[in-house]
Amino acid sequence: MSNKIRWGIISTAGIAEKSFIPALRETSRGELVAVSSRDRNKADAFAKKHDIPTVYDDYTSLLESNEIDAVYNPLPNTMHAEWTIKAAQHGKHIFCEKPLAMSAEEIMAMSDSCEKANVKLIEAFVFLFHNQTLKLRQILDSGVIGDITATHAAMNFHIQRPSDNIRLNKELGGGGLLDGGVYPITFTRFVFGEEPITVQASCLIDPEYGVDTRTTAILEFSHGRFATIQMSMDGPGGQNAAIYGEKGFINIPLPYHPRNGAHLSVKTSDGEEQFSFDDGRHPFTQAIEHFHEVLLDGKELAVPATNALGTLAIVEAIFESAKTGQRVTL
């Protein structure tokens, strides 16, 4: 491997165009060399638009290339495990979109395949690597707001119906929880630094599409601490989170996709202090830079791929609680 990571993208998914490519090009140690699609015309157009030198008309051919070190996998949720495992078997490192997989068994199979092939796997919860989140951890650890008593984390957006949006496609792993709900869940797990004890939730299942579109959940943590999770694909509202402590609270308007204007505020009896993270960089950039450090410098991966197991366990508990009307113990 040279002093740069050569990247290939599996598919021409919109998130690759909107999020991954501009962030990769903000880094100094990675270059985009190839894209693949099962539709050659689509791949050619995508490559021309984004100045990508090599095009493959199937995913396997890209994985077989000796000119690629790592791949970005933004395929539908139900295809993450299959193509991550295949990428590992071809010696490629993988930056996989969230949710990492559809089951704990898939997550472990992906992790085992990567370990066997001596390649690295990272899940694209990019906020975990962002300066805003790193600063948040420092603030929490400082004790300035005291012991955490509760949190609230939400993610809301609107999908107009009728729609062929993949988030409404049950067969491809659609639904609000797996698309957007995993953000507040993962954020909440990060804040508490542990897994919840119980989960109680309600979900609305869209009768036409058969996927969850609205969810509210209460997570109970140790020592009588609680978190509320709210997710909807039925209306605007965006993202937000708040953390409440015995001596103060923290407000984070853009917790999962910190971008221009990103900041957090800390309010205690001593007053309010605001921290800004408006550096103009894309939310994905620091996560990709960290992955480059792991691959090129031997740095330890800050968040192992198996972290996805905790989030998926909560998703499954939410569905079970919503179905049975009972609190679920993890």
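Throughout, the numbering used here is defined as the position within the sequence shown, counted from one, plus 12. C-beta atoms are modelled at their ideal positions from N, C-alpha and C, and glycine is treated no differently. Computed from a predicted structure; not experimentally measured.
Does the separation of the CB atoms of residue i and residue j fall below 8 Å?
i: L140; j: F204; result: no
i: R50; j: K16; result: no
i: P248; j: P270; result: no
i: M243; j: H170; result: no
i: Q298; j: H92; result: no
i: V223; j: I330; result: no
Rounded to whole angstroms, what is the Cα-Cα separation between residue i and residue j?
i: A162; j: L276; result: 17 Å
i: I22; j: E284; result: 45 Å
i: A320; j: G236; result: 25 Å
i: P265; j: A274; result: 7 Å
i: G20; j: L44; result: 6 Å
i: L112; j: M167; result: 19 Å
i: G185; j: S281; result: 46 Å
i: Q144; j: I151; result: 11 Å
i: T341; j: I209; result: 6 Å
i: P65; j: N263; result: 44 Å
i: T336; j: T318; result: 28 Å
i: N177; j: D81; result: 31 Å
i: S115; j: L324; result: 7 Å
i: A334; j: D63; result: 47 Å
i: A57; j: F107; result: 23 Å
Sorted by chain position, which residues of the same chain lie with C-beta nearer than 6 Å to residue i's C-beta, five sequence neighbours on each side aside?
i: A100; result: S125, C126, A129 and V131
i: D191; result: R179
Taking the beta carbon of residue i as the centre, do at least 16 other beta carbons fall within 10 Å, making it buried, or is it exposed?
i: E118; result: buried
i: G26; result: exposed
i: G250; result: exposed
i: N78; result: exposed
i: N53; result: exposed
i: S48; result: buried
Cutting at 8 Å between CB atoms, please list the residues of its own chain near residue i, excluding the five before and the five after it.
i: G292; result: N272
i: K147; result: L276, F287 and F289
Residues in its own chain within less than 7 Å of residue i by CB, not counting five upstream and five downstream?
i: I97; result: A121, M122 and S125
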